[in-house]
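All residue numbers for the sequence shown refer to full-length UniProt numbering, where the first residue is 1 and numbers rise by one.
For each residue, glycine too, the CB sits at the ideal point set by N, CA and C.
Just so you know, these numbers come straight off a predicted model, no measurement behind them.
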Amino acid sequence: MVALSPQGFCSQLDMALAGHVGRSLPDCFSISEAHVVGLFLGVHPAERLPNTNGWAYASVYQQRLRNKPGPWAEMAVLHTQVVIAQFYLRPDPTVGAPPLPSEGDSITACAKQHELVNALYKYLVSEQKPTGSLVPLLLQVCNDLRLLSIAADDKYLAQKQKPRALEETSRLLQKCFSACLNDRNGSVNESKKPGTWYMATLLFKTYFRLKSSHLCKSIVRGINAAGLTGFAAIPKGHQTTYTYYMGVLAFLREDYTEAEVQFSNALGMVHHRAFKNIERILSYLIPIMLLRGILPTQRNLKKAGRLETIYRPFIEAYKSGNVQAYDQHLLYTEKRLMERGTYLVVERAREGVVRNLIKKAWILEGKPPRMSVADLRRYCIAGSGDETVDSDEMECILANLIGKGFIKGYISHSHGMVVLSKDRPFPWAAPYRPLGAAARADRDRREAENAKKVMVSAAANP
């Protein structure tokens, strides 16, 4: 790895500030770019410690960058100190990729990065000239600060101290968010408002990490109250992340209709090779659709990656109305679903499996206009394996299914009967698109064949 001297780093900053071809300004201050290895090697060996005083590189930055309007000399010094804090514990800095935030002295690196972001923030809010062109830099250094804060908190926990870095970072990120949101520059090209959505996603990630998701409400309210426009003009990745978190927040407040819209939009925006992001979206979207009675396609299941092993048994049990298999797999995957926060939704989707079990019984009985509660109870016990279900509980189950629109009909308690609607007593989930008479005839044929097989099997095994 070729060393990058402080003078060379200043030259890169000069080119980036002037807008010439070369390394962009966000890349110059990124902690994950390849230049950080060279920058560490370019520092004098005696100064490769985070607490060294009288740095020679600091005087170089002051001389070369003092005529540049902005905090560039201070930021260059702090960025170099962040790099040193990440590298000085590594036996051979020339071996391997740029360090992860968790490597090195992450507590010191986080503190220096915090100072760097604060210096940039003060410049953005105090400068009279438009500073919208610096928004990409702000987003880069804020994201690096968030990652370093997470690593610093891990170090605090390892030292049996109370983690505090990420909480302090959240307050600074809130200031940066407000600086973008409240920018009064009318020029579209020079406004800081386009950075509002990405800063919001950084705050969402931070608040979720701190287990303070309720704080996200104030961020959403601020954006909605400001009436921001130009969402379609921001980078697609920023759109996808913000839309995803809107879906997560709707999911947490149990607004599953809104959550489905947001997750579907996010799935349409995400890059087709961003497999982890697709998996994150589908980890919420599949349970929501299952709750509505809409089964995911084979294509979406393949996109889901590891989620396929979780949800395929649920889908098979849902299709066949096998309540017992559904319950067994729910118990098997309980821990993983609880970790994701989707367990209760998958459990609620069990009603759809019971609905399919009752529909299966209705088909086996020849699709009569009415069925006795006792017969349905017998089928329910056979399908779920739960012999404790009595007539009153069966009526309660049927009443819930009718009330939620899974079944069209009514219960005659005095006669112990369920009277079903003549027009589609087991309606499909919206949006429903009839496939025509041929498809309906084919479905009736398959149902008759399955009913015949069940009758033959029952006769052979009395």
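Within the same chain, Cβ atoms closer than 8 Å to the Cβ of residue 376 are found at 358, 361, 394, 398 and 418, the five residues on either side in sequence being excluded. The C-beta distance from residue 317 to residue 326 rounds to 4 Å, short enough to fall under 8 Å. By the criterion of at least three beta-carbon pairs nearer than 8 Å, the segment 252 to 271 is in contact with the segment 285 to 292. In this structure, residue 216 sits near residue 204, with a CB-CB distance shorter than 8 Å. Contact between the segment 2 to 18 and the segment 105 to 124 is absent, with fewer than three C-beta pairs closer than 8 Å. Here residue 416 is not near residue 384, since their CB atoms are 8 Å or more apart. Judged by DSSP in its simplified three-state form, residue 410 adopts strand. Every alpha helix (DSSP H) of 4 residues or more that sits fully in the segment 306 to 378 is shown, in chain order, as 307 to 320, 323 to 332, 334 to 340, 343 to 348 and 350 to 364.
DSSP places residue 398 in the uninterrupted alpha helix (DSSP H) bounded by 391 to 403. Between the C-alpha atoms of residue 80 and residue 346 there is a straight-line separation of about 50 Å. Under the DSSP assignment, residue 418 falls in the beta strand (DSSP E) whose first and last residues are 417 to 420. Excluding its 5 nearest sequence neighbours in each direction, residue 124 has C-beta neighbours in its own chain below 6 Å: 131 and 179, listed in chain order.
In the structure shown, residue 385 falls within a coil segment according to DSSP collapsed to helix, strand and coil.
Secondary structure note for residue 26: its alpha helix (DSSP H) is the uninterrupted segment 25 to 28. Boundaries of the alpha helix (DSSP H) around residue 121: 106 to 126.
Per DSSP, reduced to three states, the secondary structure at residue 220 is helical. Straight-line measurement puts the Cα of residue 295 at about 43 Å from the Cα of residue 33. Across the set 9, 413 and 424, the C-alpha of 413 shows the shortest separation from the C-alpha of residue 396. When the five nearest sequence neighbours on each side are left out, the beta carbons in the same chain lying within less than 8 Å of the beta carbon of residue 348 are those of 291, in order along the chain. Ranked by how close their Cα comes to the Cα of residue 202, the residues 237, 112, 386 and 87 have 237 in first place.
Across the structure, residue 40 and residue 225 are spaced so that their CA atoms are roughly 45 Å apart. Remark: C-beta atoms of residue 104 and residue 121 do not approach each other more closely than 8 Å. Per DSSP, residue 270 lies in no alpha helix (DSSP H) and is assigned neither H nor E. The criterion of a C-beta distance shorter than 8 Å is satisfied by residue 25 and residue 137.
Boundaries of the alpha helix (DSSP H) around residue 150: 135 to 158. Rounded to whole angstroms, residue 330 and residue 350 show a C-alpha spacing of 9 Å. Around the beta carbon of residue 428, fewer than 16 other beta carbons lie within 10 angstroms, which makes this residue exposed.
When the five nearest sequence neighbours on each side are left out, the beta carbons in the same chain lying within less than 7 Å of the beta carbon of residue 8 are those of 42, in order along the chain.
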